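Undergrad:
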Ligand SMILES: [Cu+2]
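Right, dumping it as structure tokens:
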């Protein structure tokens, strides 16, 4: 039996007490996928209810709870941890040429904190639930007699996990780079994880205090956000979005990092604009903190503030555009290999571009007032979060599949699933842009009969999406157990994780490699791996 | 495949059952731990930052109320606690220095003193809080005081209890950590060659002290 991280140490106990970043990543992976299934089931139920006007399968109160669960689960338990905690945990130390993250014990603690928070939040399902939406707007969230406090406490706890992961990654990138791995040779996935970590570390504490204050509102009637007690509900919105807008970039920046790795490898060309892509991540992270007010355009914010926030929000499009153009320029005249990860990178580009551009529409004050709280907004952020983050998660899951499991996934099934997901996604969410622009409000259980056709299309799309994800779960699980054995470097990629066996040994590298070049040397005459074994 | 080299490594790793440290040596590990602690303290600043922003906004909106309500806080008790905490920061720093120089008895003395001063802080806070409870000077919806008539006054006490309460939780955590240092110092686990936890707990304790140095004037003095 060969020795790798999967076979090193036997039994459940060795997994639950592991400090190996790779095993922790795998535990995150299965936890995140479980919650993804749960959040997805709620999404399907929502779409089923909306298949026709009036009551279809549930009453209005249940509907309110179901969309709250869907949102809270997908945001806090799935998308935020998905790429950093799963892909980041597994790949970051390998790409650094390190034996582990800087604080392996803290890393395991982060996982248990995440799990504890998620279970606390999920326990509300068996009590009186929660019906506030994932945004917990006051004063309703103070008054509701559902068990919102429990969901708030769960989200509060999960915040610590996110902070500690970010902290661990920042220190790892600073202190654990292999000899020769200078900043200008750092793979772009790590640059994007660095920028993500900064947001996690700076924004999450503000969410923590906001949720804590809201819990106190409910338990001790502190009144800071409660107009009936002299407080200010708009202050809650400011606090909440000061975290939750940057949180969107916690979701999308690592996704961009995955795409930045996949595109040059499958285009067989050096990445175009390495520095521009690296720095633009920090541009996005910086602007992320200055735009939260775009969620308050109709909440009674002053016109001057609206103007400033609108302008700053449009600025986000600049670093984002820099990235998109760089990716496209990388592909230009490349020898493109249409493997599944690359297909998902294309999917990311299509969906994220639509999501990003409609973000600019929404930043425009005149349009925003018209479409606030309509399905246009719902479609926009699903294009960014699902189209961007989940597409990229799928890209990463396939790209690093050989490294995770030492086996190959079936290429044909990968392509079929991609086709299912991309058509299912567009079918589900594109009609919602139209519905929103025609005035269908979000979060409603019912709608006017003239919206029926588009809602039906959207519901059918959600089934295609579900079929795609179930099929992916099926063939990936099978490949994990019985797939063809993977070589160390099946994609002929340069970054360090491909210069160790698949799956990697317990301590990652037989010898710590010495880095002699940047990671994107893909030329006509061949490719040039980043590290050499001394 | 099983080469001799691979199985050798497996045996040594399995025998020690410890995950290898990712660092080249103890100095690198120490530097990394310090950096991690600084980042953690930044997150703490941001968490309290939210409260300070809320304070600033409500003070801006209701300056007259803050003016009136802050007179109901006991400046003498708050002042005592400020002195107590600053002294405890001094003893903590002396304890850290003693550990670094390998003076174990001195370190024990100063950690003990720090813990004692922290207990003083708790005691004073206990009297302050029970007095407030007695007077009905309570957060928001539970406010019951007869003399303080300003309609927004309950908000001041919400902020007072949340801000000092969160700080108090930090003091309790700090005390736990110092007790843990004491235990490990008794067990001779620290010395000039290894004192990372001592240094980090020191950072944390100074931070807790610093938060109070902002809370005291904002709540008790300027109101
Ligand atoms: Cu936003």
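Protein chains in written order, with the numbering used here: chain H, 488 to 1021; chain A, 4 to 226.
Built from N, CA and C at the ideal position, the CB exists for glycine as well.
Remember, it's a predicted structure, so these values are computed and weren't measured experimentally.
At a threshold of 7 Å, does residue 805 of chain H count as lining ligand 1 (C-beta to nearest heavy atom)?
TA: Residue numbering aside, residue 805 of chain H sits at position 318 when the first chain is read from its first letter. No, the beta carbon of residue 805 of chain H sits no closer than 7 Å to any heavy atom of ligand 1.
Undergrad: With DSSP collapsed to three states, give me the class of residue 1019 of chain H.
TA: Residue numbering aside, residue 1019 of chain H sits at position 532 when the first chain is read from its first letter. Residue 1019 of chain H falls in the strand class under three-state DSSP.
Undergrad: Hey, would you say residue 572 of chain H sits closer than 8 Å to residue 652 of chain H, going by beta carbons?
TA: The residue you call residue 572 of chain H lines up with position 85 of the first chain. The residue you call residue 652 of chain H lines up with position 165 of the first chain. A contact, by the Cβ cut-off of 8 Å.
Undergrad: Leaving out five residues before and five after residue 21 of chain A in sequence, what residues of the same chain have Cβ atoms less than 7 Å from its Cβ?
TA: Here residue 21 of chain A is taken as the residue at index 18 of the second chain, counted from 1. With a pLDDT of only 48 at residue 21 of chain A, under the threshold of 50, the placement of this residue in the model should not be trusted; the figure read from the coordinates follows. There are no such residues.
Undergrad: Quick check: the Cα distance between residue 720 of chain H and residue 712 of chain H, rounded to an integer number of angstroms?
TA: The residue you call residue 720 of chain H lines up with position 233 of the first chain. The residue you call residue 712 of chain H lines up with position 225 of the first chain. Cα-Cα distance, rounded: 5 Å.
Undergrad: List the residues that DSSP assigns as beta-bridge partners of residue 861 of chain H.
TA: Translated into positions along the first chain, residue 861 of chain H becomes position 374. In the DSSP output, where bridge partners are listed per residue, residue 861 of chain H has H:928.
Undergrad: Assuming residue 184 of chain A and residue 124 of chain A make a contact with CB atoms under 8 Å, what is their CB distance in whole Å?
TA: Against the second chain, residue 184 of chain A aligns to sequence position 181. Against the second chain, residue 124 of chain A aligns to sequence position 121. Going by Cβ atoms, the distance from residue 184 of chain A to residue 124 of chain A rounds to 18 Å, so no, they are not a contact pair.
Undergrad: Ignore the nearest five residues each way along the sequence and tell me which others in residue 46 of chain A's own chain have a CB closer than 8 Å to its CB.
TA: Position 43 of the second chain, counting from 1, holds the residue named residue 46 of chain A. Cβ neighbours of residue 46 of chain A beyond the five flanking positions: none.
Undergrad: Once the 5 residues before and after residue 698 of chain H are set aside, which same chain residues still bring their CB inside 7 Å of it?
TA: Your numbering for residue 698 of chain H matches position 211 in the first chain. Closer than 7 Å at the Cβ level, and outside the excluded window around residue 698 of chain H, lie 639, 642, 643.
Undergrad: Compare the beta carbon distance of residue 764 of chain H and residue 789 of chain H with 8 Å and say whether it is the shorter of the two.
TA: Along the first chain, one-based indexing puts residue 764 of chain H at 277. Along the first chain, one-based indexing puts residue 789 of chain H at 302. Contact flag unset, no.
Undergrad: Roughly how many angstroms separate the alpha carbons of residue 157 of chain A and residue 710 of chain H, rounded to a whole number?
TA: In the second chain, residue 157 of chain A corresponds to position 154, counting from 1. In the first chain, residue 710 of chain H corresponds to position 223, counting from 1. Taking the straight line joining both Cα atoms gives about 8 Å.
Undergrad: Compare the C-beta of residue 710 of chain H against all C-beta atoms of chain A and say whether one is closer than 8 Å.
TA: The count along the first chain starts at 1 and reaches residue 710 of chain H at position 223. Yes - at least one Cβ of chain A is within 8 Å of the one on residue 710 of chain H.
Undergrad: Nearest CA to the CA of residue 739 of chain H: which residue from H:836, H:761, H:704, H:822?
TA: Position 252 of the first chain, counting from 1, holds the residue named residue 739 of chain H. Checked all of H:836, H:761, H:704, H:822; the closest Cα to residue 739 of chain H is H:836.
Undergrad: Could you tell me which residues DSSP puts in a beta bridge with residue 1014 of chain H?
TA: Here residue 1014 of chain H refers to the residue found at position 527 of the first chain. The partner list for residue 1014 of chain H (beta bridge, DSSP) reads H:1009.
Undergrad: Go ahead and pull the three-state DSSP assignment for residue 974 of chain H.
TA: Counted from its first residue, the first chain places residue 974 of chain H at position 487. Three-state DSSP puts residue 974 of chain H in coil, outside helix and strand.
Undergrad: Quick check on the burial criterion: 16 or more other C-beta atoms within 10 angstroms. Buried or exposed for residue 108 of chain A?
TA: Locating residue 108 of chain A in the second chain gives position 105, where the first residue counts as 1. When all chains shown are included, residue 108 of chain A counts as exposed.
Undergrad: Just to confirm the assignment, what range does the alpha helix (DSSP H) spanning residue 706 of chain H have?
TA: Start at 1 with the first residue of the first chain, and residue 706 of chain H comes out as number 219. Per DSSP, residue 706 of chain H belongs to the alpha helix (DSSP H) from 675 to 707.
Undergrad: Could you list the residues in the region 27 to 38 of chain A with a C-beta less than 7 Å from some C-beta on chain H, going in chain order?
TA: Flagged, chain order: 31, 34, 35, 38.
Undergrad: Whole angstroms are fine: how far does the CA of residue 222 of chain A sit from the CA of residue 856 of chain H?
TA: In the first chain, the residue the question calls residue 856 of chain H occupies position 369. In the second chain, the residue the question calls residue 222 of chain A occupies position 219. Going by the C-alpha atoms only, they are around 40 Å apart.
Undergrad: Does any CB atom of chain A fall closer than 8 Å to the CB of residue 677 of chain H?
TA: Counting from one through the first chain, the residue named residue 677 of chain H turns up at place 190. No, its Cβ sits nowhere closer than 8 Å to a Cβ of chain A.
Undergrad: Can you tell me which of the three DSSP states residue 1002 of chain H falls into?
TA: For the purposes of this step, residue 1002 of chain H is taken as the residue at position 515 of the first chain. Three-state result, residue 1002 of chain H: strand.
Undergrad: Which residue comes first and which comes last in the alpha helix (DSSP H) that contains residue 574 of chain H?
TA: Sequence index remark: in the first chain, residue 574 of chain H carries index 87 (1-based). Taken as a continuous stretch (DSSP letters only), residue 574 of chain H belongs to no alpha helix (DSSP H), as it is neither H nor E.
Undergrad: Which residues in the same chain have their Cβ closer than 6 Å to the Cβ of residue 797 of chain H, if we skip the five residues on either side of it in sequence?
TA: Counted from its first residue, the first chain places residue 797 of chain H at position 310. These residues qualify, in order along the chain: 850, 852.
Undergrad: At which residues does the alpha helix (DSSP H) containing residue 662 of chain H begin and terminate?
TA: Taking the first residue of the first chain as position 1, residue 662 of chain H is located at position 175. Segment 635 to 662, the alpha helix (DSSP H) holding residue 662 of chain H.
Undergrad: Please confirm whether residue 155 of chain A has its beta-carbon closer than 8 Å to some beta-carbon of chain H.
TA: Within the second chain, residue 155 of chain A is the residue found at index 152, counting from 1. Closer than 8 Å: yes.
Undergrad: Nearest-angstrom Cα distance between residue 36 of chain A and residue 735 of chain H?
TA: Within the second chain, numbered from 1, the residue matching residue 36 of chain A stands at position 33. Within the first chain, numbered from 1, the residue matching residue 735 of chain H stands at position 248. Using only the alpha carbons, I get a separation of about 29 Å.
Undergrad: Could you tell me which chain A residues have their CB closer than 7 Å to the CB of residue 697 of chain H, listed as they occur along the chain?
TA: Sequence index remark: in the first chain, residue 697 of chain H carries index 210 (1-based). Simply 53.
Undergrad: Given the structure, does residue 732 of chain H come close to ligand 1, in the sense that its CB is under 7 Å from one of the ligand's heavy atoms?
TA: As a first step, residue 732 of chain H must be located in the first chain, where it is residue number 245. Within the cutoff, so yes.
Undergrad: State the start and end residues of the unbroken alpha helix (DSSP H) segment that holds residue 942 of chain H.
TA: Position 455 of the first chain, counted from the start, is the residue given in the question as residue 942 of chain H. Per DSSP, residue 942 of chain H belongs to the alpha helix (DSSP H) from 939 to 969.
Undergrad: I need the DSSP call for residue 213 of chain A, collapsed to helix, strand or coil.
TA: As a first step, residue 213 of chain A must be located in the second chain, where it is residue number 210. Helix, per DSSP.
Undergrad: Do we get a CB-CB distance below 8 Å when we pair residue 166 of chain A with the residues of chain H?
TA: In the second chain, counting from the first residue as 1, residue 166 of chain A sits at position 163. Chain H contact via Cβ: absent.
Undergrad: On the DSSP bridge assignment, give the partners of residue 194 of chain A in chain order.
TA: Residue numbering aside, residue 194 of chain A sits at position 191 when the second chain is read from its first letter. Answer is A:197.
Undergrad: Does the beta-carbon of residue 869 of chain H, which I'm using as the reference point, lie nearer than 7 Å to any heavy atom of ligand 1?
TA: Working through the first chain from its first residue, we reach residue 869 of chain H at position 382. It does not: the Cβ of residue 869 of chain H is nowhere closer than 7 Å to a heavy atom of ligand 1.
Undergrad: Could you give the distance in angstroms between the alpha-carbon of residue 611 of chain H and the alpha-carbon of residue 566 of chain H?
TA: Counting from one through the first chain, the residue named residue 611 of chain H turns up at place 124. Counting from one through the first chain, the residue named residue 566 of chain H turns up at place 79. Distance between the alpha carbons of residue 611 of chain H and residue 566 of chain H is about 20 Å.
Undergrad: Tell me which same chain residues have a C-beta within less than 8 Å of the C-beta of residue 78 of chain A, skipping the five on either side of it?
TA: The residue given as residue 78 of chain A occupies position 75 in the second chain. The residues are 223, 224.
Undergrad: Tell me which residues of the region 653 to 664 of chain H have at least one Cβ-Cβ distance to chain A shorter than 9 Å, keeping chain order.
TA: Here the close residues are 653, 654, 655, 657, 658, 659, 661, 662, 663.
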